[in-house]
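Structure record follows, encoded as structure tokens.
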Amino acid sequence: RKEVEQDPGPFNVPEGATVAFNCTYSNSASQSFFWYRQDCRKEPKLLMSVYSSGNEDGRFTAQLNRASQYISLLIRDSKLSDSATYLCVVKEGAQKLVFGQGTRLTINP
Amino acid sequence: EAGVAQSPRYKIIEKRQSVAFWCNPISGHATLYWYQQILGQGPKLLIQFQNNGVVDDSQLPKDRFSAERLKGVDSTLKIQPAKLEDSAVYLCASSSRGTTYNEQFFGPGTRLTVL
Numbered sequence: 001r002k003e004v005e006q007d008p009g010p011f012n013v014p015e016g017a018t019v020a021f022n023c024t025y026s027n028s029a030s031q032s033f034f035w036y037r038q039d040c041r042k043e044p045k046l047l048m049s050v051y052s053s054g055n056e057d058g059r060f061t062a063q064l065n066r067a068s069q070y071i072s073l074l075i076r077d078s079k080l081s082d083s084a085t086y087l088c089v090v091k092e093g094a095q096k097l098v099f100g101q102g103t104r105l106t107i108n109p
Numbered sequence: 110e111a112g113v114a115q116s117p118r119y120k121i122i123e124k125r126q127s128v129a130f131w132c133n134p135i136s137g138h139a140t141l142y143w144y145q146q147i148l149g150q151g152p153k154l155l156i157q158f159q160n161n162g163v164v165d166d167s168q169l170p171k172d173r174f175s176a177e178r179l180k181g182v183d184s185t186l187k188i189q190p191a192k193l194e195d196s197a198v199y200l201c202a203s204s205s206r207g208t209t210y211n212e213q214f215f216g217p218g219t220r221l222t223v224l
């Protein structure tokens, strides 16, 4: 079983739609979780952290379910500029990041 | 603030040849990472340095890959000899305990093609 599993997609949605991605992780001792964004042929960049209580940053909402070892990302009112690959990331230990395969999203006009 | 610098940006070699990549982290960042990202996959950690010491190299194929960070700043990653399956983007990242979440900042990567 992979340490971090994501549906690779691709997801193709119209502009303005709401889209959600899910991710599961295998290490129940993991404490920190993130979503990174990676544009085509670019480096990954931190999108947001994921807190147990859930957190929101503008149109983006991240949620964590520790019991099910499940992380989600919701994008509301999607924009063309949201087209990218979204990487689910779990921190193990002090600083080691374990990345999922990534979910590819394309927003269509 | 300057970001993580990497060179070269692209490299094409034949199998069994050697190649080296260079990384300069963000100034003041004590922790440096090398990742391998194969097409269609997420980045995989190869090696992590804290200053000039190795913290984690459990996923580094040590029979052909080596890395060093002699003065705790710049780092080089070497592959010798290269195999076809080494074709990937090699990403360098750095972090500091002083940043929020110990966020890792990535460089633009070196795209390696092994023919």
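Protein chains in written order, with my numbering: chain A, 1 to 109; chain Z, 110 to 224.
All C-beta atoms in this analysis are idealised placements derived from N, C-alpha and C, irrespective of residue type, glycine included.
- Beta-bridge partners of arginine 37 of chain A (DSSP): A:Lys45, A:Tyr86.
- The beta carbons of leucine 224 of chain Z and glutamate 123 of chain Z sit closer together than 8 Å.
- The beta-carbon distance between serine 72 of chain A and asparagine 22 of chain A, rounded to whole angstroms, is 5 Å. This is short enough to meet the 8 Å contact definition.
- For glutamate 43 of chain A, the C-beta contacts it makes with chain Z under 7 Å involve Leu200, Phe215, Gly216, Pro217, Gly218, in order along the chain.
- Restricting attention to A:Asp7, A:Gln38, A:Arg41, A:Val89, the CA atom closest to the CA of phenylalanine 99 of chain A is found in A:Val89.
- The straight-line gap separating the alpha-carbon atoms of alanine 62 of chain A and serine 81 of chain A is approximately 19 Å.
- At least one CB of chain A lies nearer than 8 Å to the CB of serine 204 of chain Z.
- Under DSSP, threonine 18 of chain A shares a beta bridge with no residue.
- Annotation: serine 184 of chain Z to tryptophan 143 of chain Z spans about 9 Å, alpha carbon to alpha carbon.
- In the DSSP annotation of this structure, asparagine 27 of chain A is not part of any beta strand (DSSP E), being labelled neither H nor E.
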